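In this note's numbering, the protein residues as written are 169 to 616.
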Amino acid sequence: MRTLYYNAYIITMEEGIGILEDGALLVNNNLIEDIGNSDDMLKKYTNNNKVDFEGKIMLPGFVNTHTHSVLTVLKGLAEDVNTIKAVYGWMTTVNEIITEEDSYILSRLGQLEILSSGSTTIVENSTKMNGVAKASEELGNRIVLSAGKIHDYELEPIRRGQYIYNKEIGKQTMEEAMLLIEKWNGKADGRITCNLYPHATETCSMEILKEIASISKNEKMGVTLHMAQNTREVQRIREVYDKSPIEYMESVGLLNRNLISAHCVFLEDSDIELMGNVNSTLAHCPVIINKRGFTAPTLKAKKEHVNISLGTDNMFGDIIDTMRYVLTSSRIRTGIIEDFTSKEVLEMATLNGARAIGREDDLGSLKIGKIADFIILNKDSINLLGYNSENIYDLIVLYCDGSDVEKIYVDGKKVLDKKVDTDLISKVIKEGLKVSEKIWSKLETFDL
Numbered sequence: 169m170r171t172l173y174y175n176a177y178i179i180t181m182e183e184g185i186g187i188l189e190d191g192a193l194l195v196n197n198n199l200i201e202d203i204g205n206s207d208d209m210l211k212k213y214t215n216n217n218k219v220d221f222e223g224k225i226m227l228p229g230f231v232n233t234h235t236h237s238v239l240t241v242l243k244g245l246a247e248d249v250n251t252i253k254a255v256y257g258w259m260t261t262v263n264e265i266i267t268e269e270d271s272y273i274l275s276r277l278g279q280l281e282i283l284s285s286g287s288t289t290i291v292e293n294s295t296k297m298n299g300v301a302k303a304s305e306e307l308g309n310r311i312v313l314s315a316g317k318i319h320d321y322e323l324e325p326i327r328r329g330q331y332i333y334n335k336e337i338g339k340q341t342m343e344e345a346m347l348l349i350e351k352w353n354g355k356a357d358g359r360i361t362c363n364l365y366p367h368a369t370e371t372c373s374m375e376i377l378k379e380i381a382s383i384s385k386n387e388k389m390g391v392t393l394h395m396a397q398n399t400r401e402v403q404r405i406r407e408v409y410d411k412s413p414i415e416y417m418e419s420v421g422l423l424n425r426n427l428i429s430a431h432c433v434f435l436e437d438s439d440i441e442l443m444g445n446v447n448s449t450l451a452h453c454p455v456i457i458n459k460r461g462f463t464a465p466t467l468k469a470k471k472e473h474v475n476i477s478l479g480t481d482n483m484f485g486d487i488i489d490t491m492r493y494v495l496t497s498s499r500i501r502t503g504i505i506e507d508f509t510s511k512e513v514l515e516m517a518t519l520n521g522a523r524a525i526g527r528e529d530d531l532g533s534l535k536i537g538k539i540a541d542f543i544i545l546n547k548d549s550i551n552l553l554g555y556n557s558e559n560i561y562d563l564i565v566l567y568c569d570g571s572d573v574e575k576i577y578v579d580g581k582k583v584l585d586k587k588v589d590t591d592l593i594s595k596v597i598k599e600g601l602k603v604s605e606k607i608w609s610k611l612e613t614f615d616l
């Protein structure tokens, strides 16, 4: 079916097209068939379904490259604690006690929050992933399931500084990853895909990482993991392998353009150069790392041509708000006001995100031949007061947030209209709260 969306202020994120102040988009099934001026397109395409966007702002859907949707249950709990306690205390415990049904309900809540803020594609890192996949299938968003949370060191003892190797856990989590990939990769009309998910550099042995590298190469499958997110991790890898975490990834054959490294807070300059040499991706999650008192070396990463994408991580889903943190945290770190432009930050959430998951040819911008994933912003928001082609990027990045997103389209279909789908939103929140209360009650029995 062909639909002409017209009378839209289209920010294409394509250099050759730029901004169409009175633009139109022709969508044929799930692909963009044509794009141009509204008057010209209305004359050219007369016998199609038509949708008038009344001058509202259209953007490509955001590609959110690091999420933990299930962990929305920890809002207000895993706060004011360091990364070790948060990850190997609170988060590890939640992942152990939830059921697949809990995962479905909580992930649906988290994914709805993420989707409603404009992220049409997410790279999701959780356990009990069948529930996560089911939630995505129902909501209609695009998801990369990070398969397995593969690790062969026991997680909970790391909180106490103990690293206990357990080959059976490695075998079990690898098998779970393969089963998830077999079941879900390519499902939901291709909206659900999978990558490999070794949990973190210090929770995976060299043996299992080499196995993952081999599978990734043979199956042409991406890999994502937590990288250099705390000083204990960096110290551990240095003590055991006499390498930095990035050098460790290089030694096992995983450092390449198909690797998404989340956080990358404690990198050396030489690490960033290694990442840039192979066009690897740094999934920047500034909200969570700023909350814990740190910043990431993003300006150095930019200079070394590292692909910087964005993630909202856990307990938070607003990628537009995340963009503001990118600018403020980098400028606080470097004192350089010209470090990034707002347009560059918006590219991190669109084109760079698509590049991170190997989908730059069909996602991340609005042009002929790409998939019709796009969002609509409320042009009458006070956050967009007086917008024009000179200031629109600054207004979005510095002043907007997820509440300014009105409609979300994935695969050419409207999957969420926040003014219309109020019953759905209320239902998801209500059911999410019920499961959250059950989990909160269980957490009270643990020494966290």
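Where is the CB? At the ideal position from N, CA and C, for every residue including glycine.
Being a predicted model, the structure only gives us computed values, none of them experimental.
Kindly indicate which three-state DSSP category residue i falls into: helix, strand or coil?
| i | result |
| --- | --- |
| Y333 | strand |
| E189 | strand |
| A246 | coil |
| I290 | strand |
| L534 | coil |
| V433 | coil |
| V489 | The sequence as given places Asp at residue 489; Val does not occur at that position. In this structure, D489 counts as helix in the three-state DSSP scheme. |
| Y561 | helix |
| D208 | helix |
| R359 | coil |
| V583 | strand |
| P325 | helix |
| G600 | helix |
| A451 | strand |
| P413 | helix |
| A368 | strand |
| A540 | coil |
| Y272 | helix |
| Y174 | strand |
| Y555 | coil |
| T235 | strand |
| L422 | coil |
| Y256 | helix |
Identify, in the order they occur along the chain, each residue of the same chain with its Cβ nearer than 7 Å to the Cβ of residue i, setting aside the five sequence neighbours on each side.
| i | result |
| --- | --- |
| R327 | I252, K253, Y256 and G257 |
| N445 | none |
| S314 | V291, E292, N293, N363, Y365 and T392 |
| R310 | T288, T289, R359, D541 and V578 |
| I620 | Shown here, the chain extends from 169 to 616; a query on residue 620 therefore has no answer. |
| I332 | Y321, E322 and P325 |
| N426 | S384, G390, V391 and G526 |
Quick one: Cα of residue i to Cα of residue j, how far?
| i | j | result |
| --- | --- | --- |
| T289 | R276 | 14 Å |
| D270 | K339 | 25 Å |
| E642 | L423 | In this structure the chain extends from 169 to 616, so residue 642 is not present and cannot be described. |
| V300 | N482 | 14 Å |
| R501 | Y173 | 42 Å |
| N546 | V312 | 28 Å |
| S448 | V474 | 6 Å |
| E379 | G316 | 14 Å |
| L377 | H394 | 13 Å |
| T235 | T341 | 19 Å |
| K335 | H367 | 15 Å |
| G204 | E375 | 53 Å |
| L611 | I337 | 24 Å |
| T518 | G532 | 4 Å |
Given that a residue counts as buried once 16 or more other Cβ atoms are within 10 Å of its Cβ, and exposed if not, what is residue i?
| i | result |
| --- | --- |
| M169 | exposed |
| M491 | buried |
| G521 | buried |
| S498 | buried |
| L283 | buried |
| G390 | buried |
| V588 | exposed |
| G554 | exposed |
| T240 | buried |
By Cβ distance, which residues of its chain are closer than 6 Å to residue i, with the 5 residues on each side in sequence left out?
| i | result |
| --- | --- |
| A246 | A254 and W258 |
| S557 | I187 |
| Y416 | T369, I405 and Y409 |
| V195 | T171, A540 and G580 |
| S510 | Y561, D562 and V565 |
| N263 | T295 |
| P454 | Y493, V494 and S497 |
| T261 | F614 |
I'd like the list of long-range same chain contacts for residue i, defined as Cβ closer than 8 Å, with 5 residues on each side in sequence excluded.
| i | result |
| --- | --- |
| A396 | T369, V402, S412, P413, I414, S429, H431, C432, V433, F434, L435 and D439 |
| N250 | N398 and R460 |
| K581 | N198 and G308 |
| F221 | Y173, Y174, N175, A176 and I544 |
Just to confirm, does residue i get its C-beta within under 7 Å of one of the non-hydrogen atoms of the ligand MN?
| i | result |
| --- | --- |
| E407 | With respect to the ligand MN, the structure offers nothing, as it holds no ligand at all. |
* **the region 217-234 contacting the region 473-493, beta-carbon criterion three pairs below 8 Å** => yes
* Report yes or no: do three or more beta-carbon pairs, one from the region 576-590 and one from the region 523-535, lie closer than 8 Å? => no
* Given 8 Å as the limit, is there contact between the region 276-286 and the region 331-345, that is, 3 or more CB pairs closer than that? -> no
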